[in-house]
Amino acid sequence: MTTPTAPAPAGATTLPAPTRPLSLSRTTATATRVLRQLSHDPRTIALLTLIPCVMLFLLRYVFDGSPRTFDNIGASLLGIFPLITMFLVTSIATLRERTSGTLERLLAMPLGKGDLIAGYALAFGALAIVQSALATGLAVWLLGLDVTGSPWLLLLVALLDALLGTALGLFVSAFAASEFQAVQFMPAVIFPQLLLCGLFTPRDNMHPALEAVSDVLPMSYAVDGMNEVLRHTDMTATFIRDALIVAGCALLVLALGAATLKRRTA
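Using my numbering, you'd call the opening residue of the sequence shown number 1435 and step up by one each time.
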């Protein structure tokens, strides 16, 4: 005989059923929504896809009298430009979701933080593929970037860098109260990595303290990976290490972004 269940007291709040930490259907639904919103914002799409190409084009003709210089730094910047643009756009877009109340309404539904972060990463990752393919194709086949290794390896590192920029943008958006503050994180998060990544001087020529700091910054390994493709015909163990570190940093930052995600801006 089944014991009858006592009715809930008047005014009691029924807690929602716990949801799984990550669901493929909810993640893809979030990614589809984000892509649909971006499709109505041509300026953002232009920023994501065209600005790295424009920067590479300008760089090539800045060094028009010294094409070897473009070969030396062009591959590194091919990874850095996508990281910067994805960081900027992703941090502002996520913050806008919070300030408009959209994020709070989404998380009131059976949508976990992991679903939301993964959905954003998937949507911006799709744009990162387009962005990286355009920039790599322009640099190698139109601007004549001379690489010893496979251009597909350049594309792989550029894509990983763009995904890292997406992850960093999602993470820092949790600590910004306005879009202006989100932009202010760029000098704090991106510029130190830009100075210490080995773009301007080899990292082993830096002061030992700065070299030690550069050893823990993901952009350093992005630049190292690009340089490996620039100098070697085959995939080296160093390249595999660099690519895995960049990918691992992106996954780690995404996990931190999910853990620190807030429903609304204070």
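Note that CB positions come from ideal geometry on N, CA and C, so glycine has one too. Keep in mind that this is a model prediction, so the values were computed, not measured.
For Leu1576, which residues in the same chain have their Cβ closer than 6 Å to its Cβ, ignoring the five residues on either side in sequence?
Answer for Leu1576: no residue qualifies.
Three or more C-beta pairs closer than 8 Å, one from the stretch 1636 to 1644 and one from the stretch 1667 to 1681: is that the case here?
Touching, no, given that fewer than three Cβ pairs across the two stretches are closer than 8 Å.
Assigned exposure category for Ser1473 - 16 Cβ within 10 Å defines buried:
Residue burial annotation: Ser1473 is exposed, with fewer than 16 other C-beta atoms found within 10 angstroms of its C-beta.
Please state the DSSP three-state secondary structure of Cys1683.
For Cys1683, the secondary structure class from DSSP, reduced to helix, strand or coil, is helix.
Which term fits Phe1614, buried or exposed, when burial requires 16 or more other beta carbons within 10 angstroms of its beta carbon?
Burial call: exposed.
Between the stretch 1489 to 1504 and the stretch 1521 to 1533, are three or more C-beta pairs nearer than 8 Å?
No: fewer than three Cβ pairs fall under 8 Å.
Mark Val1657 as exposed unless 16 or more other C-beta atoms lie within 10 angstroms of its C-beta, in which case mark it buried.
If you draw a 10 Å sphere on the C-beta of Val1657, you find 16 or more other C-beta atoms in it, and that means buried.
In chain order, what residues of the same chain lie with their CB nearer than 8 Å to the CB of Arg1665, ignoring the 5 residues before and after it?
Once the five neighbours on either side are set aside, the close Cβ partners of Arg1665 are Thr1582 and Gly1583.
Going by Cα to Cα distance, which pick from Leu1522, Trp1586, Phe1504 and Arg1502 is closest to Pro1621?
Considering only alpha carbons, the answer is Leu1522.
Residue range of the unbroken alpha helix (DSSP H) whose run includes Asn1506
Where Asn1506 is concerned, the enclosing alpha helix (DSSP H) stretches over Pro1501 to Thr1533.
Determine the direct distance from the alpha carbon of Thr1478 to that of Val1468, and round the result to whole angstroms.
One Cα belongs to Val1468, the other to Thr1478, and the distance between them is close to 12 Å.
Proximity of Gly1559 and Leu1597 at Cβ, strictly below 7 Å:
In this structure, Gly1559 places its C-beta atom within 7 Å of the C-beta atom of Leu1597.
Quick one, which of Leu1481, Ala1684, Ala1692 and Ala1681 has its alpha-carbon nearest Gln1565's?
The candidate whose alpha carbon is nearest that of Gln1565 is Leu1481.
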